[in-house]
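If you read the protein sequences in the order shown, they are chains A and B.
Using the working numbering, read the first sequence as starting at 10 and increasing by one per residue.
Using the working numbering, read the second sequence as starting at 11 and increasing by one per residue.
Ideal Cβ positions, reconstructed from N, Cα and C, are used throughout, including at glycine.
Okay, so here's the structure we're looking at.
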Amino acid sequence: MSEEKYIKTATGKWEAVIGLEVHAQVISESKLFSSSSTKFGAAPNENVSFVDAALPGVLPVINSFCVDQAIKTGLGLNGAVNLVSRFDRKNYFYADLPQGYQISQYKYPIISGGYIDIEKSDGNIRRVNLERIHIEQDAGKSIHDQSPTKSFIDLNRAGITLMEIVTKPDMRSAEEVTIFLQKLRAILRYLKTCDGNMEEGSMRADVNVSIHRPDEEYGTRAEIKNVNSFKFIAAAIDFEIERQIGILESGGTVDQETRLFDTASGQTKVMRSKEDAQDYRYFPEPDLPPLTLTEERIEKIRKTIPELPDAKTARLQREFDLPHYDAALISAESETADYYEKALDSVNSPTKDFAKMLANWMLGELFSFLNKSGKNISESNISAENLAELVNLIKTDVISGKIAKEVLELMWDNGKSPAQVVEEKGLKQITSVEAIEEVAKQVLAENADKVTEYKSGKDKLFGFFVGQTMKKTEGKANPKILNEILRKLLEA
Amino acid sequence: MYTLSLYEVKSGLLSKKFSSVEITKCFLERIEKYKNLNAFITVCPEQALESAKQSDQKIANGMAGEMEGIPLAIKDLYMTKGIRTTSGSKMLENFIAPYESTVTQKLLNAGSVFLGKTNMDEFAMGSANITSYFGKVVNPWSKDKPLVPGGSSGGSAAAVAGHLCVAATGSDTGGSIRQPAAFSGIVGIKPTYGRCSRYGMIALASSFDQAGPMTKTVRDAAIFLKVIAGYDEKDSTSVNEPVPDYESFVGKSINGMRIGIPKEFHMDGISDEVERSWQKGIDILKDAGAEIVDISLPYSKYSMAVYYIIQPAEASANLARFDGVRYGFRAEGAKSLDEMYEMTREQGFGDEVKRRILIGTYVLSAGYYDAYYSQALKVQKLIRQDLASAFEKVDAILTPTTPHSAFAFGEEPTDPVTMYLNDVLTVTANIAGLPGMSIPICLDKLGRPLGLQLLGPRFQEGRLFQIGEVIEKNANFPSLKEIN
């Protein structure tokens, strides 16, 4: 197994070493140091206060809800919450950075350590350790494509709270990075501390990539800045690994530099060399006292943390004997888990069988409808309660599984409850022995030749009789009763 | 009327001996008459008279605030809504403040009348008020040759000393209230760090800046400070500590109080006359029943070094927002963003500001941070400990405010470091975050004012007023009656 993580080339084995700095926008009504709104899509410079625009004399005041969100995130990611952390100024000039510095946390972050266990496609678990999480303010946006001679600045984003989640260099491939990011995103969404919306820029990552021979020290890393989709991150890593192998195998050396991923060409390009690296001149933010937290505050937040994917997966396996794959798939996203649990909750003491069947119907039939329509499960035409009711109709022999698929399709189309659909379309299963026996006798009488064949040993014809009887009942005959009756009649 | 103290004006207004409109007009006329002092950058006559009229109404209705109808001058680094606020810089030459600072809001709430905005060293960087983009301020005590008023609150000091207002706001980062107060023969107090809100004050060094009153008497300063002090949720470094009735300390006996005299403050560069003035203060306090205690503040000799690292470091970041992008001055003709920054800051800032930005940027740079900034923070702690242990032995500390009296224009030190030494006796209070007050003590042989400085433990401003008033009462300082 361990061999697989290496990249084999003509010259031998290489190992990629990857670490991430993920910028996650904190879910909060207002900004980190001002009361301006954080609403996405507002008119340019609509959500800008005097503090955000860095007018002379203004002072930052910490938004304690954002601090709580960071604490929650730290706890959810198994990190240690520091009772004292501090803000620092990171100094650089840019037109969309009003203060001329970003207020961040440099030496003393709010969260230290933490980890996420990721499950790879081969089923192996790998632990990705976190270095730290700190909170900082976002910059505004420069717009260069509106005029040939002018740039425009939109400060709506300036001052919005970001969490910078820094991993240790614990990932070895684009696959691991993608799985890590998916899981991180899922956990943040479970925690409701970041919506994980990459299109709106709520999650962005800087990726550090280096390669080395497995028995040698880590190589020099290149940092790829601000990549904003899982797909591009994976592509950037793959390109970067290949680029660095190319350099080293041809006798060159990798430069420590900052690179940008060009989505059009699928390549990374130099943005800044080490010589041009900025000196941010960090120093303690004198406008803010150290951020001190109490154990009580942390414990209060700890109590609000929901069951997270790993725990949920384990519990679903334990309580309902769900296969690991199903349990993990249900738990992977909070919406899916919510849906499933809402469905379970809508029936009285669900049995293991019910839970398994519900999982199958959800992950199979319902997901295929969602995929086809491009909808999210929270936008599903079929409510969790209705799906549970459908499964219940199957379990209680009101309809057969086959009919249920038909019912589900009708439910998707018209949003009605399964009982309604079954009633309206007359799809209710026939469970009357007399009624089924009457049809079965009719089938046998019409196929006397086949009955003879069957009796002379052609067992396979049993299925034929079942099929014919079903057809005559328009699929509504209870299969179990039908089987029993046919067997009785044929053996008589 | 114009020589009256704040306390006297207050009772004159309340007993309707004169109206706020009358006294406001009187000061506006004097400001116009003595505009050669250049104490004001902006005068607001209409606004002042309108607000004086309202005050008279309130007084008539028995609704007077604590400083109702009292004409004040405001240092030009306080944001005053709708009024030009420049911080003495070309960078903000035409900047109209869109909001009100907490300190000035409190003064407005108390009913005071704003005559205008006073001149100051550019971004409060200076000790002689010669770095202002709007020109030098002349000390009203000047006789044969024009003297500096001290800085950076030089305009406020000149306005109070020259009776162009009843009192003024100053701000003090390293001595900017106390040093000009001493040079101009008035009272000035820098309160404990966190006592007044910094919201709406254009920052020099955020961890040292404090607002404070500049007044004609100790009692005036006590009345004034009570109005502007207090916790402000808009300033996270302001402290939620009750504001006592400072005026009640004025006139109390100091019998039995222990007054520390730090031996390290007998330093080179302190003139004999200043030493003598110090002794005069010691004698006054002794006569009033205080016990004089020799103390040592061994780390105070590093105060200047610490100050001139931390202050420019913070200033370099605080001034980064003046980039020409959103407000204030922007140079014409730049071809790129970097060029716009360079040209704007080259043309918009004066030499002293540039010097401090350079120093600040240097001490924070990779490779120098540990040698300078980080060391300075460590020594700052030691200086704080020094003072904390001193205040276990004494109730207050008495020192001179400045090493010498006001100098004439042209006689100022030519190298910046000697100029910085003007603050040598005052910076300790800022570094330690302690309250410090300057009280006029006497004139030197040249007829120029000298001041003594009282330092107290955190939030013991009341005690400084108590001791300060004893000095004031017994010093018989010959306050300036009229400008020559």
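Query                                                                                                                                                                            : Result
Can you tell me the Cβ-Cβ gap for Val431(A) and Ile445(A), rounded? I've got them flagged as a contact below 8 Å.                                                                : About 18 Å separates the two Cβ atoms, so there is no contact after all.
The alpha helix (DSSP H) spanning Cys36(B) covers which residue range?                                                                                                           : Ser30 to Lys43
Does Thr90(B) get closer than 8 Å to chain A when you measure Cβ to Cβ?                                                                                                          : no
Could you pull out every residue in the same chain whose Cβ sits closer than 7 Å to the Cβ of Asn235(A), ignoring the five residues on either side in sequence?                  : Arg213 and Asp215
Could you check what DSSP says for Ser505(A) in three-state terms: helix, strand or coil?                                                                                        : Residue 505(A) is absent from the model: chain A starts at 10 and stops at 501.
Cβ of Gly343(B) less than 8 Å from any chain A Cβ?                                                                                                                               : no
Reducing DSSP to helix, strand and coil, say where Leu331(A) ends up.                                                                                                            : coil
What in chain A is Cβ-close to Glu243(B), meaning under 8 Å?                                                                                                                     : Val70
For Asp361(B) and chain A, any beta-carbon pair shorter than 8 Å?                                                                                                                : no
Going by the DSSP bridge assignment, what does Gly222(B) pair with across the sheet?                                                                                             : Gly180(B)
Spatial neighbours of Thr354(B) within its chain, please: CB distance less than 7 Å, with the 5 preceding and 5 following residues excluded, ordered by chain position.          : Asp333, Gly334, Phe339, Arg340 and Ala341
Determine the burial state of Lys26(B): buried for a count of at least 16 other Cβ atoms within 10 Å of its Cβ, exposed for fewer.                                               : exposed
Since Leu297(A) meets chain B, which of its residues come closer than 7 Å, beta carbon to beta carbon?                                                                           : Ser246
At a Cβ threshold of 8 Å, is Leu474(B) touching chain A?                                                                                                                         : no
Pick helix, strand or coil for Met211(B), following the three-state DSSP scheme.                                                                                                 : strand
Mind reading off the beta-carbon distance from Leu435(B) to Tyr309(B)? Whole number of angstroms is fine, and I expect it under 8 Å.                                             : Actually they are not in contact, since the Cβ atoms of Leu435(B) and Tyr309(B) sit about 15 Å apart, beyond 8 Å.
Would a C-beta distance cut-off of 8 Å place Ile294(B) and Ile269(B) closer than the cut-off?                                                                                    : no
What ranges does the alpha helix (DSSP H) occupy inside the segment 363-442 of chain B, keeping only unbroken runs of at least 4 residues that lie completely in it?             : 385-403, 426-430 and 437-442
Contact check, Ile264(B) vs Ala300(B) under 8 Å by CB: the rounded distance?                                                                                                     : 5 Å
Where does the unbroken beta strand (DSSP E) through Tyr12(B) begin, and where does it stop?                                                                                     : Element bounds for Tyr12(B): n/a, residue is neither H nor E.
Please give the ranges of any alpha helix (DSSP H) in the segment 304-361 of chain B, keeping only runs that are unbroken, at least 4 residues long and fully inside the region. : 313-328 and 347-358
With respect to the beta strand (DSSP E) encompassing Glu266(A), which residues constitute its N-terminal and C-terminal limits?                                                 : Glu266 to Asp271
Verify the CB distance criterion: does Asp333(B) have a CB-CB separation below 8 Å to chain A?                                                                                   : yes
What does the Cβ neighbour count give for Ser11(A), buried or exposed, with the cut at 16 atoms within 10 Å?                                                                     : Its pLDDT being 46, under 50, Ser11(A) is placed unreliably by the model, and the measurement read from it follows with that caveat. So Ser11(A) counts as exposed.
At a CB-CB cut-off below 9 Å, which residues of chain A make contact with Pro504(B)?                                                                                             : Not covered by the structure: residue 504(B). The range shown for chain B is 11 to 494.
Going along chain A, which residues have a C-beta under 7 Å from Leu347(B)?                                                                                                      : Ala104
With burial defined as no fewer than 16 other Cβ atoms inside 10 Å of the residue's Cβ, what is the status of Thr158(A): buried or exposed?                                      : exposed
Mind pulling the alpha helix (DSSP H) runs of 4 or more residues that sit fully within the segment 304-371 of chain A?                                                           : 304-311, 318-329, 333-340, 343-354 and 361-369
Answer with buried or exposed for Ala381(B), where buried requires no fewer than 16 other C-beta atoms within 10 angstroms of its C-beta.                                        : exposed
Cβ of Leu164(A) within 8 Å of Cβ of Val35(A)?                                                                                                                                    : no
Taking the straight line between their C-alpha atoms, what separation do you get for Leu16(B) and Arg94(B)?                                                                      : 26 Å
Just the chain A side, please: which residues come within less than 7 Å of Ser313(B) by C-beta, in chain order?                                                                  : Near Ser313(B) there are no residues of chain A at all, since even the closest Cβ is about 18 Å away, more than 7 Å.
So, at 8 Å on beta carbons, what are the nonlocal neighbours of Ala89(A) in its own chain, with the 5 sequence-adjacent residues on each side left out?                          : Gly83, Ile120, Ser121, Gly122 and Gly123
In chain B, what lies closer than 9 Å to Pro107(A) by C-beta?                                                                                                                    : Arg331, Asp333, Val335 and Arg336
Hey, how far is the Cα of Asp425(B) from the Cα of Asp454(B)?                                                                                                                    : 25 Å
DSSP has Ser46(A) in a bridge; who is on the other side?                                                                                                                         : Ser39(A)
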